[in-house]
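Worksheet for the structure shown next.
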Amino acid sequence: MKKGYIEIDQELCKGCQICIAFCPKGSISPADKLNAAGYMPVKFDDNGECTGCATCALVCAEVVIEVYRD
Amino acid sequence: MKKVYSRPKSLKKATFHYCPGCGHSIVHRLLCEVFDELKIQDRVIGIPPPGCSVFAYNYLDVDMAESAHGRGAAVATGIKRACPEALPFTYQGDGDIAAIGTAETIHAANRGEKITSIFINNAVYGMTGGQMAPTTLLEQTTTTSPYGRDAALEGYPIKLSEMLALVKGAAYIERVAVNSPANIKKAKKAIKKAFQTQIDDLGYSLVEILSPCPTNWKMSPIESWKWVDEVMSKEYPLGVIKDITGEKDAD
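First to last, the sequence lines map onto chains A and B. The first sequence begins at 1 in our numbering and counts up by one. The second sequence begins at 1001 in our numbering and counts up by one.
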């Protein structure tokens, strides 16, 4: 069961992919289309596991991740 | 579900102009989180430097006064003496604080000015295209040291924080990095303590932050984060360099 989830503002994401490297559950992956700025943003896998640990938000340089937890 | 993490209140809703994976944007966010937690947004006056972070006023929702290159500590001194209730902080890169502004910084620390400096050390001149800085590591290649920095020709990496620790007016100096979740948490703690030092009128406080610059290091963001750990923090060891805040009275 999912304990949490994250919301990523893909229009502001610059695709540095640091959140992907640090997500302990591997639930973030590159999106499949570019955003308006020409960057490849990341997306949260809807079926992925998330504990709401907020590590992704902590390392996000663009402050585009919001974390929700039970 | 409850929201457990969102944008700090004092960080404006604007897209950073920094490159993907840059440490500046993380430090901006940490500063805003500290302003919110200490409830000092109305008292803080920032002094951004020439350099990549020259546009910091577009992001930090606090008062800002731009200074000439390297003169941040002098401007902050003026602000603090004119408005003692204000909390001026300088935000300076290595080209600013460790090259052109070394004299101002050392003398401000020596006078024990009650100001805070945030020193972003990325070992190159970022905005101008990755030239060698005084903080560039030995054998590191930059656009102006294409064969690597040679000590015989260009000297050694300068350790400004250790130099400032010898100065009597400095109360709190710590070196941190923003290259992993644990280090980012430590960096926030250090920034908070630096502002607390100023609020308590204990003296000069400085936080040196090793910050990745993927573009000028010619690395991917994640490689640059690892490089800080594997190479840069060997030359610039992390940790508290000077802390006399516990020895002085808070009033």
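Positions of the beta carbon are idealized from the N, C-alpha and C atoms, including for glycine.
Kindly indicate the opening and closing residues of the alpha helix (DSSP H) around N1110/B. First-last of the alpha helix (DSSP H) with N1110/B: 1102-1110.
From K43/A to K33/A, what distance separates their C-alpha atoms? K43/A and K33/A: Cα-Cα distance of roughly 10 Å.
Proximal residues to G1130/B (C-beta, below 6 Å), its chain only, five neighbours per side dropped: Once the five neighbours on either side are set aside, the close Cβ partners of G1130/B are V1124, T1142, T1143, N1216.
P1084/B and I18/A: beta carbons closer than 8 Å? Contact flag unset, no.
I28/A bridges to which residues according to DSSP? Bridge partners of I28/A: F44/A.
Would H1028/B and A1074/B qualify as a contact pair, given that the criterion is a beta-carbon distance under 8 Å? Against a cut-off of 8 Å, the Cβ pair of A1074/B and H1028/B comes out as no contact.
Which residue wins for smallest C-alpha separation from E1174/B, given the options M1132/B, Y1147/B, P1181/B, I1118/B? The shortest CA-to-CA distance from E1174/B to any of M1132/B, Y1147/B, P1181/B, I1118/B is the one to I1118/B.
Does chain B have any CB closer than 8 Å to the CB of G52/A? Chain B, which has a Cβ nearer than 8 Å to the Cβ of G52/A, makes this yes.
Closer than 7 Å: L58/A CB and nearest the ligand ATP heavy atom: By its list of ligands, the structure shown contains no ligand whatsoever, and the ligand ATP lies outside what it can speak to.
I need the DSSP call for K1003/B, collapsed to helix, strand or coil. The answer is strand: DSSP assigns K1003/B an E or B state.
Starting from T1141/B, follow the alpha helix (DSSP H) in both directions and report where the run begins and ends. In the DSSP annotation of this structure, T1141/B is not part of any alpha helix (DSSP H), being labelled neither H nor E.
Taking the alpha-carbon positions, what's the V59/A to N1121/B distance? Looking at the two C-alpha atoms, the distance is approximately 18 Å.
Looking only at C-alpha atoms, which of E66/A, I20/A, T55/A, E7/A sits nearest to A1182/B? Looking at the Cα atoms, T55/A is the closest of the given residues.
At least one CB of chain A closer than 8 Å to the CB of K1003/B: is that the case? Contact with chain A is found for K1003/B, since one of that chain's Cβ atoms lies less than 8 Å from the residue's Cβ.
Excluding the 5 residues preceding and the 5 following M40/A in the sequence, name in chain order all residues of the same chain whose CB lies nearer than 6 Å to its CB. A distance below 6 Å between beta-carbons, with the five flanking residues on each side excluded, links M40/A to the following residues of its chain, in chain order: G15, P30, L34.
State yes or no: is the beta carbon of D1251/B nearer than 8 Å to at least one beta carbon in chain A? Its pLDDT being 45, under 50, D1251/B is placed unreliably by the model, and nothing is read from it.
Assuming K1188/B contacts V1034/B under a Cβ cut-off of 8 Å, what Cβ separation, rounded to an integer in Å, is found between them? Going by Cβ atoms, the distance from K1188/B to V1034/B rounds to 7 Å, so yes, they are a contact pair.
Indicate the three-state DSSP secondary structure (helix, strand or coil) for K1189/B in the structure shown. For K1189/B, the three-state secondary structure derived from DSSP is helix.
Starting from N1121/B, follow the beta strand (DSSP E) in both directions and report where the run begins and ends. Unbroken beta strand (DSSP E) run through N1121/B: 1116-1121.
Which residue or residues does DSSP assign as beta-bridge partners of P1088/B? Partner(s): I1045/B.
Below 6 Å CB to CB, which residues in the same chain sit around A1109/B once its five sequence neighbours on both sides are set aside? Taking A1109/B as the centre and dropping the five residues before and after it, the same chain places the C-beta of L1164, V1167, G1169, A1170, Y1204 closer than 6 Å to its C-beta, in chain order.
Does M1064/B come out as helix, strand or coil in the three-state DSSP assignment? Three-state result, M1064/B: strand.
Counting only runs that start and end within the region 1157-1208 of chain B, where is the alpha helix (DSSP H) found for 4 or more residues in a row? Counting only runs of at least 4 residues, the region 1157-1208 of chain B fully encloses the following alpha helix (DSSP H) elements, listed from N- to C-terminal order: 1160-1165, 1181-1199.
Please list the terminal residues of the continuous alpha helix (DSSP H) segment that includes V1075/B. For V1075/B, the uninterrupted alpha helix (DSSP H) segment begins and ends at 1072-1082.
Considering Cα atoms alone, identify which of G1126/B, R1071/B, P1134/B, E1223/B is closest to A1103/B. Closest in C-alpha terms to A1103/B, from the list G1126/B, R1071/B, P1134/B, E1223/B, comes R1071/B.
If I'm right that G1023/B touches I1209/B with Cβ under 8 Å, what's the distance once you round it to whole angstroms? The pair is a contact, with the Cβ atoms about 7 Å apart (cut-off 8 Å).
Could you tell me the alpha carbon to alpha carbon distance between Q1041/B and L1060/B, rounded to whole angstroms? Answer to the nearest angstrom: the Cα atoms are 10 Å apart.
Assuming the contact rule is C-beta atoms closer than 8 Å, S27/A and E7/A should be a hit. Round their C-beta distance to whole Å, please. With a Cβ gap of about 13 Å, S27/A and E7/A do not count as contacting.
Just checking: is the beta-carbon of G1239/B within a distance shorter than 8 Å of some beta-carbon in chain A? Judged by the 8 Å Cβ criterion, G1239/B is not in contact with chain A.
Less than 8 Å separating the beta-carbons of V67/A and V1004/B? For the 8 Å CB-CB criterion, V67/A and V1004/B form a contact.
Do you know offhand how far A1068/B's Cα is from M1132/B's? Pairing A1068/B with M1132/B, the inter-Cα distance amounts to about 21 Å.
Quick one: is K1159/B buried, meaning 16 or more other Cβ sit within 10 Å of its Cβ, or exposed? Burial is judged here by how many other beta carbons sit within 10 angstroms of a residue's own beta carbon; K1159/B has at least 16 and is buried.
What separation, rounded to the nearest whole angstrom, lies between the Cα atoms of L1138/B and T1116/B? So the alpha carbons of these two residues sit roughly 29 Å apart.
With distances taken from CA atoms, which of L1038/B, T1135/B, C1019/B, K1242/B is nearest I1199/B? Per the Cα distances, L1038/B.
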